[in-house]
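Residue numbers (UniProt numbering): 1 to 314. This report refers to the structure that appears directly beneath it.
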């Protein structure tokens, strides 16, 4: 028995029956053409345009998340089928629709079965929605800078019905972050000059300022993506230099201490080390002498008379 599939015809025409298995006959194709039915013939299956027009995907154009935390990407859809209880696949990809990298995928065989995760990049993507309720929303945990991408959701139906639909514009995920000092150092060039360097990250990119002992106004700033570096050049005064990073989400500080060793300072340091050590050695000698004088145990050579008669030589 040949299984039939009904194709909707706009009034006043009636519905015709099209075989799904096998190639439709030329007579039947001609009859469909005469009735004005627009469809696609592929692999022996006629896929009416009414199916595509019954699909829709609803996603926001932009979502904002905070670095290190989690974010939810919402995605809901509609399809033209009144009932459907076959295999359903939910997919999320990044960068571009249709050909982008898949970061999440789950499969459910029926309405009574949960959507089992097949792909979850770095195990940080979790399905929150119920695909059978037309909800593909996901959660992304522990956001990093690399997660700032455009995301596309996709649903695939298989079984008696083969159909699929994907969001074309996707969701752009933006990240925000309070400032964080990631590096602060003092270094020297070959010309024996010193400079302090501070690097911070955040979104928006933070503004960096230096505070501390008097310093020259010579400084340089470099910025890439969400990171910025400010270098304080030609340090001349010893002391504590503080780097302050500020943006609309917070403030961060880091400090570095700068001391130059001079020759006079080095001599004074040696004096501070060896004088106490010499005093300790002298005290130990005095204590040893006093102990030896009390016991009378001086280690001095004796005269022959004091030693008594000697045994005759052999």
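Glycine residues also receive a C-beta, built at the ideal position from the N, C-alpha and C atoms.
Buried/exposed call for residue 288, threshold 16 Cβ in 10 Å:
Working through the chain shown from its first residue, we reach residue 288 at position 288. Under this definition residue 288 is an exposed residue.
Give the straight-line distance between the Cα atoms of residue 145 and residue 67, rounded to the nearest whole angstrom.
The residue given as residue 145 occupies position 145 in the chain shown. The residue given as residue 67 occupies position 67 in the chain shown. Rounded to whole angstroms, residue 145 to residue 67 spans 7 Å at the Cα level.
Residue range of the beta strand (DSSP E) that residue 210 falls in?
Here residue 210 refers to the residue found at position 210 of the chain shown. Note, residue 210: beta strand (DSSP E), 207-211.
Which residues in the same chain have their Cβ closer than 6 Å to the Cβ of residue 247, if we skip the five residues on either side of it in sequence?
On the chain shown, residue 247 is found 247 positions in, with the first residue counted as 1. Non-local C-beta neighbours of residue 247 in its own chain, meaning closer than 6 Å and more than five positions away in sequence, comprise 179, 202, 204 and 206, ordered along the chain.
Inter-residue CB distance, residue 80 and residue 59 (contact presumed, cutoff 8 Å):
Here the question's residue 80 lines up with position 80 in the chain shown. Here the question's residue 59 lines up with position 59 in the chain shown. That belief does not hold up - the Cβ atoms of residue 80 and residue 59 are roughly 19 Å apart, past 8 Å.
Quick one: what's got a C-beta closer than 6 Å to residue 121's C-beta in the same chain, skipping five residues either side?
Taking the chain shown and counting its residues from 1, the one referred to as residue 121 is at position 121. In chain order, 103 place their CB closer than 6 Å to the CB of residue 121, counting only its own chain and leaving out the 5 sequence neighbours on each side.
Can you tell me whether residue 274 is buried or exposed, with buried defined as 16 or more other CB within 10 angstroms of its CB?
For the purposes of this step, residue 274 is taken as the residue at position 274 of the chain shown. Taking all protein chains in view, the Cβ of residue 274 is surrounded by fewer than 16 other Cβ atoms within 10 Å, so the residue is classified as exposed.
Is there contact between the region 186-195 and the region 226-241, where contact requires at least three CB pairs shorter than 8 Å?
Look at the beta carbons and you see the region 186-195 touching the region 226-241: at least three pairs across the two are nearer than 8 Å.
Considering only the alpha carbon of each residue, which of 149, 166 and 283 lies closest to residue 172?
Translated into the one-based positions of the chain shown, residue 172 becomes position 172. Checked all of 149, 166 and 283; the closest Cα to residue 172 is 149.
Give me the residue from 214, 216, 215 and 231 with the minimum Cα distance to residue 222.
For this step, residue 222 is matched to residue 222 along the chain shown. It is 231 whose Cα lies nearest to the Cα of residue 222.
Buried or exposed: which applies to residue 294, given that a residue is buried once 16 or more other Cβ atoms fall within 10 Å of its Cβ?
In the chain shown, the residue the question calls residue 294 occupies position 294. Counting Cβ neighbours within 10 Å, residue 294 comes out exposed, since fewer than 16 surround it.
Would residue 182 and residue 209 be called neighbours here (beta carbons separated by less than 7 Å)?
As a first step, residue 182 must be located in the chain shown, where it is residue number 182. As a first step, residue 209 must be located in the chain shown, where it is residue number 209. By the CB criterion at 7 Å, residue 182 and residue 209 fall outside the cutoff.
If you draw a straight line from the C-alpha of residue 65 to the C-alpha of residue 71, how long is it?
As a first step, residue 65 must be located in the chain shown, where it is residue number 65. As a first step, residue 71 must be located in the chain shown, where it is residue number 71. So the two alpha carbons sit approximately 5 Å from each other.
What would DSSP say about residue 84, mapped onto helix, strand or coil?
Start at 1 with the first residue of the chain shown, and residue 84 comes out as number 84. Collapsing the DSSP output to three states places residue 84 in coil.
Assuming residue 175 is part of the beta strand (DSSP E), what are its boundary residues?
Taking the first residue of the chain shown as 1, we reach residue 175 at position 175. Here the beta strand (DSSP E) through residue 175 covers 171-188.
Cβ distance (whole Å) where residue 250 is taken to contact residue 243 below 8 Å
Sequence index remark: in the chain shown, residue 250 carries index 250 (1-based). Sequence index remark: in the chain shown, residue 243 carries index 243 (1-based). The Cβ separation is near 15 Å, so there is no contact.
Tell me, to the nearest whole angstrom, how far the beta carbon of residue 239 is from that of residue 212; I am working on the premise that it is less than 8 Å.
Counting from 1 along the chain shown, the entry for residue 239 is found at position 239. Counting from 1 along the chain shown, the entry for residue 212 is found at position 212. Contact flag correct, Cβ pair sits at about 6 Å.
Going by DSSP, name the residue or residues bridged to residue 130.
The residue you call residue 130 lines up with position 130 of the chain shown. Residue 130 is not bridged to any residue.
Look at the alpha carbon of residue 241 and the alpha carbon of residue 218, and state the distance between them as a whole number of angstroms.
Sequence index remark: in the chain shown, residue 241 carries index 241 (1-based). Sequence index remark: in the chain shown, residue 218 carries index 218 (1-based). Roughly 15 Å separates the two Cα atoms.
Selection from 272, 224, 167 and 226 that minimises the alpha carbon distance to residue 95:
The residue you call residue 95 lines up with position 95 of the chain shown. Distance from the Cα of residue 95 is smallest, within the candidate group 272, 224, 167 and 226, for 167.
Please check the pair residue 135 and residue 110, which I expect to be a contact at CB under 8 Å, by giving their CB distance rounded to whole angstroms.
As a first step, residue 135 is located in the chain shown; it is residue number 135 there, counting from the start. As a first step, residue 110 is located in the chain shown; it is residue number 110 there, counting from the start. Contact doesn't hold; Cβ gap of about 17 Å is too wide.
Whole angstroms are fine: how far does the CA of residue 245 sit from the CA of residue 126?
Numbered from its first residue, the chain shown carries residue 126 at position 126. Numbered from its first residue, the chain shown carries residue 245 at position 245. Cα to Cα, residue 126 sits roughly 34 Å from residue 245.
In chain order, what residues of the same chain have a beta carbon less than 6 Å from the beta carbon of residue 76, not counting five sequence neighbours either side?
Taking the chain shown and counting its residues from 1, the one referred to as residue 76 is at position 76. Contacts found: 58, 134 and 135.
Quick one: residues in its chain with C-beta nearer than 6 Å to the C-beta of residue 159, no 5 flanking neighbours on either side, listed in chain order?
Position 159 of the chain shown holds residue 159. Cβ neighbours of residue 159 beyond the five flanking positions: 86 and 87.
Going by DSSP in three states, residue 294 sits in which element: helix, strand or coil?
Residue 294 sits at position 294 when you count from the first residue of the chain shown. Here residue 294 sits in helix by DSSP.
Spatial neighbours of residue 61 within its chain, please: CB distance less than 8 Å, with the 5 preceding and 5 following residues excluded, ordered by chain position.
Position 61 of the chain shown, counted from the start, is the residue given in the question as residue 61. Within the same chain, residue 61 has close Cβ partners 169, 171 and 172.
Assigned secondary structure, residue 121 (DSSP; H/G/I helix, E/B strand, else coil)
Along the chain shown, read from residue 1 onward, the residue named residue 121 stands at position 121. DSSP places residue 121 within a helical segment (H, G or I) once states are collapsed to three.
Close Cβ partners of residue 154 (< 6 Å) along its chain, the five nearest in sequence each way excluded
Position 154 of the chain shown holds residue 154. Around residue 154: 91 and 166.
Given that a residue counts as buried once 16 or more other Cβ atoms are within 10 Å of its Cβ, and exposed if not, what is residue 43?
Looking up residue 43 in the chain shown gives position 43. Only weak support exists for where residue 43 lies, its pLDDT of 29 falling under 50; the value from the coordinates is given anyway. Exposed is the label assigned to residue 43, since fewer than 16 other Cβ atoms lie within 10 Å of its Cβ.
Of the residues 123, 137, 130 and 187, which one's Cα is nearest the Cα of residue 143?
Taking the first residue of the chain shown as 1, we reach residue 143 at position 143. Relative to the Cα of residue 143, the nearest Cα in the group 123, 137, 130 and 187 belongs to 123.
Do you know offhand how far residue 175's Cα is from residue 252's?
In the chain shown, residue 175 corresponds to position 175, counting from 1. In the chain shown, residue 252 corresponds to position 252, counting from 1. Rounded to the nearest angstrom, the gap between the Cα atoms of residue 175 and residue 252 is 18 Å.
Just curious, the beta strand (DSSP E) that residue 102 is in, first and last residue?
Residue numbering aside, residue 102 sits at position 102 when the chain shown is read from its first letter. Note, residue 102: beta strand (DSSP E), 101-108.
Residue 225 to residue 54, Cα distance in whole Å?
Taking the chain shown and counting its residues from 1, one reaches residue 225 at position 225. Taking the chain shown and counting its residues from 1, one reaches residue 54 at position 54. Using only the alpha carbons, I get a separation of about 42 Å.
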